[in-house]
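Enquirer: Here you go, one structure.
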Amino acid sequence: MEKGLISVDRWSGESQAYFLTHLHSDHTNGLSSSWSKAPIFCSRLTAKLFPFKFPDFNLSLLRIVRIGSWHSVSLLSPSSGSKTVVQFMAIDAHHCPGAVMFLFRGDFGCLLYTGDFRWETTSDRAELGRNMLLNALNDSAVDILYLDNTYCNPLYDFPPREVAAQQVLDIIASHPDHDIIIGIDSLGKEDLLLHISRVLNIKIWVWPERLQTMHLLGYDEIFTTKTSLTRVRAVPRYSFSVETLDGLNTMRPTIGIMPSGLPWSVKPSEGNKNLFGSLLTARYSKSKWIGNGGVQTDEPNGSLDSPGRLHKHIYSVSYSDHSSFSEIEKFIKLVQPINMKGIVSSSCCYVDPMYYFGRLRGVNQPGQRLHQKHKRKERDEITLGTKSTFGRNFSTEVERKRGRSVKVKLLRVQSSRVSACRRVRSGAKIVDDDYTD
Ligand SMILES: [Zn+2]
C-alpha cells in the first residue's frame, strides 16, 4: 500500500483516512480534541465514548463502522493521483467496550489488524466473531497480519475470563469481613465487575469519572460512588499499591485483587513508586492454572501460603483482555497469514510473533534470535511489508493463495528480553518503505 493512504491507531504523519481500534490511551497517543486532519473510522460504541475522552472534538469527523459489514472508502493515490478503493470490515475484538479489529482489502492485498484482542474459544460471542472473520476472509489469504503480541510468549498461559472471574469471586467469598479493592483501567474489565455484582448481589464502587463511563455504557444501577453502599471498590490501576493497601488496613481489613494477564511483583517498580507491579521474568515460571482448578500457584516471594497471593493484602488473578499465547496460536492457525507483525512495540522490548509462530508458516527460527539485543531505534512508523514490497522484504517467493506452499524470509527479531514492559505505543501507518533498522 502506498504511503499516505491509511493509518491504524497511529496519529502522526499524514494519511487520508484514520482508523481507531479502541480508546485505550496507548492507541490514542497523538490524538486530541483539536484533531482536524481527516475522518476517523471506529465502532459505534467507541464513537459514543469518544467525547468523554476528547471533549470538544469535532464529532463530524467520526465515521461509524458497523461490525460485520463491508465498508469502502475512495482515496487518491499520492503517486499517480488516481482513485483507489479500500474496503474494510470491523470485527469484535473482545477486548474492551468498542474494541474492534479491522480487515482491509484493496490493490495492496488483504491486511488484518487485530488491535488489542482476546481470542477465547469458549463463549457464544467468541464463536460469533470467529464465524464473522471466516466469512469475511472467504478462503482468501491474509497477506499481513498485524497482531496483538502482548502475550506472545509461552509463559503467558492463562485461563478464559470466566474461569478467572470465578477465581476473583472465590477470593472475595473467602474474605467475608474484608473490604475489597480491585485495580482497573479507565476502560475495560466491565464484565468482571458486572459478574461480581450479579453473583454477590451488591453494587460496585467506582471513581466519579468511571461512573460516567459506566453510565455511557448503559450500566445505571450497578455502580456507585458512595462507599457506604458496598464493600467492593474498583479503583484506578495506578492507585493500586502495597502502600495503599497497607494504609487502608490501618482503618479496615482490606484486600486488593489485581486482574491482569501479567504476573505482578510486590515491589513498586524502580523510579515509579505509584506503579505497583512489574512483570516477573526470570523468577516467574509458567502459570499452573490448568492443574490447580484455574488458580496460579507460583509464589514469587516464596513465603505466602495462598494461591495467587503476592502479599498479605494482595492477590493476582490472570483475568486478561488480551489473548494468551495459546489463543494467539489458535488465531494464527485459523487466519493462516502469509506474513505477520507484532503491533506492540516499545523501547524496551519487542517479541516478533514470527519467533514463536513462524513454524506455523513453515519457518524455523534459530533460538538465539529471541534474545537478540534490541537494536532498533524508536520509529514513528511501523512500516509494513506489503504486496508491492514483498520482493524486497522477503526474498523468497510468497504465494498468495491459501493452501499453496508458502515460504517467507524471517522478519527481524527485535527483542531485548521477554520482559515486563507495558506497551508504550502501538499502531501502524501504512507505508511502502522497507522495514529497516
Ligand atoms: Zn487496549
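Numbering follows full-length UniProt numbering, in which position 402 of the sequence shown is assigned residue number 402; successive positions increment by one, without gaps.
C-beta atoms are modelled at their ideal positions from N, C-alpha and C, and glycine is treated no differently.
The structure presented is a predicted model; accordingly, all values stated were derived computationally and were not measured.
1) Give me the pocket residues for ligand 1, defined as CB within less than 5 Å of any heavy atom, sorted by chain position.
2) To which residues does DSSP link residue 10 through a beta bridge?
3) Who are residue 339's beta bridge partners in DSSP?
4) Confirm, please, whether the CB-CB distance from residue 16 to residue 30 is below 8 Å.
5) When you compare only the Cα positions, how much space is there between residue 59 and residue 23?
6) By the three-class DSSP mapping on this structure, what secondary structure does residue 247 have?
7) Contact defined as beta carbons within less than 8 Å: I believe residue 156 pairs with residue 325. What is the distance between those atoms, to the nearest angstrom?
8) What is the C-beta distance between residue 230 and residue 255, in whole angstroms, given that I count them as a contact (C-beta under 8 Å)?
9) Mind pulling the beta strand (DSSP E) runs of 3 or more residues that sit fully within the stretch 33-81?
10) Can you tell me which of the three DSSP states residue 16 falls into?
11) Tell whether a beta-carbon distance below 8 Å holds between residue 126 and residue 178.
12) Beta-carbon within less than 7 Å of residue 323's beta-carbon, same chain only, minus the 5 sequence neighbours each way: which residues are those?
13) If you drop the 5 nearest sequence neighbours on each side, which residues of the same chain put their C-beta closer than 6 Å to that of residue 340?
14) Can you tell me whether DSSP reads residue 179 as helix, strand or coil?
15) Who are the Cβ neighbours of residue 55 in its own chain at under 7 Å, not counting the five residues just before and after it?
16) At which residues does the alpha helix (DSSP H) containing residue 356 begin and terminate?
17) Is the Cβ-Cβ distance between residue 106 and residue 84 less than 8 Å?
18) Are the CB atoms of residue 133 and residue 91 within a distance shorter than 8 Å?
19) What residue range is occupied by the uninterrupted alpha helix (DSSP H) comprising residue 129?
Expert: With the given structure in hand:
1) 24 and 116
2) DSSP output for residue 10 lists no bridge partner at all.
3) 144
4) no
5) 15 Å
6) helix
7) 5 Å
8) So it is not a contact: roughly 15 Å between Cβ atoms.
9) 40-42, 62-64 and 70-76
10) coil
11) no
12) 117, 118, 119, 148, 151 and 331
13) 145, 147 and 353
14) strand
15) 33
16) 353-357
17) yes
18) yes
19) 124-137
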